[in-house]
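Have a look at the structure below before the remarks.
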Amino acid sequence: MFPFLGDDITDSRVPDDDDVAWVSKIYPAPSYPSAFGSISGDVPTGGTGCSAGGADAVHVVARRLDQTVGGQPRMVVGTYSYIEDGAQGRWTLPGLPPGQYALWAEPLDGSPVTNLQVNSRTQFGATTNILEDWYSGTNESGTEPNPGDVSTATLVTVAAGQTVTGKNITVQTAAAASGALPIVAPLGALIATRLIRRRRVGESAS
Ligand SMILES: [Ca+2]
Ligand SMILES: [Ca+2]
């Protein structure tokens, strides 16, 4: 998904994996359900520094650790958590080619995307003051010392036609180490009028 169009307009003529995944989900070929898999889960808050509940409009991405783009693990398919789809912020990543994926969550904190730039469902109430977090399997918690460290990622295997569920990423705030602060759901946000750097959603949050 490309929320922005930069100066290289020809690049957008070639669909990326996530473009293919979402279009295929909406308009599936007969072979689609048996050829691709999906992963779903929640984004519970309730970690250190967070109120109990779930995170809304958090960007969740399936990434390949064995492939890099710009020195970072390649993003394959991304989506957003939605409170209205599940009390703890449900997300589902469709159209995944069989393989192993690291699951990564980041807030729409304006680096580079704000919640208003995505869709109407993310305009209000997005959870933005959380740390990036890699899904860590049995070590996943809301009290991880360095949740954004890729070395904490646990790979999730998905087979062709398989639906993998329950891969919850429990998030915490940046204030976790110094004291508890409630998650703030800002109602106002800026509207970007000019793209300074063209970047795919969540291509890099650093
Ligand atoms: Ca983690
Ligand atoms: Ca965590």
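In the numbering used here, each residue carries its 1-based index in the sequence shown increased by 12.
Each residue gets a CB set at the ideal place from its N, CA and C atoms; glycine is no exception.
Proximity to residue i [Cα-Cα], best of the options
{"i": "Gly59", "options": "Gln112, Asn127, Pro124, Gln100", "result": "Gln100"}
{"i": "Asn131", "options": "Ser148, Glu152, Thr91, Pro157", "result": "Thr91"}
{"i": "Val70", "options": "Ala64, Asp54, Ser63", "result": "Asp54"}
{"i": "Val88", "options": "Gly98, Asp31, Glu144", "result": "Asp31"}
{"i": "Thr169", "options": "Asp121, Ser63, Leu115, Asp19", "result": "Leu115"}
{"i": "Gly111", "options": "Ser50, Thr22, Asp20, Lys37", "result": "Ser50"}
{"i": "Glu118", "options": "Asp68, Thr22, Ser153", "result": "Asp68"}
{"i": "Asp29", "options": "Val73, Cys62, Asp19", "result": "Val73"}
Neighbourhood of residue i by C-beta, 7 Å cutoff - its chain only, sequence neighbours within 5 removed
{"i": "Arg135", "result": "This sequence places Gln at residue 135; Arg is not what is there. So the list reads Asn127, Leu128, once near-sequence residues are dropped."}
{"i": "Pro109", "result": "Phe48"}
Contact set for residue i: own chain, Cβ-Cβ below 8 Å, skip 5 residues either direction
{"i": "Arg86", "result": "Arg75, Arg76, Gln79, Thr80"}
Three-way DSSP call (helix, strand, coil) for residue i in this model
{"i": "Gln39", "result": "First, the amino acid is wrong: residue 39 is Tyr here, not Gln. In the structure shown, Tyr39 sits in coil (DSSP, three-state: anything other than H, G, I, E or B)."}
{"i": "Tyr44", "result": "helix"}
{"i": "Glu96", "result": "helix"}
{"i": "Gln135", "result": "coil"}
{"i": "Ile142", "result": "strand"}
Buried versus exposed call for residue i [16 or more other C-beta atoms within 10 Å across all chains shown]
{"i": "Gly178", "result": "exposed"}
{"i": "Ile142", "result": "buried"}
{"i": "Gln184", "result": "buried"}
{"i": "Pro159", "result": "buried"}
Close Cβ partners of residue i (< 6 Å) along its chain, the five nearest in sequence each way excluded
{"i": "Gly65", "result": "Thr57"}
{"i": "Ala33", "result": "Val89, Pro106, Gly107"}
Which residues count as close to ligand 2 when the rule is a CB under 5 Å from any of its heavy atoms, in chain order? That gives Asp145, Glu156, Pro159, Thr182.
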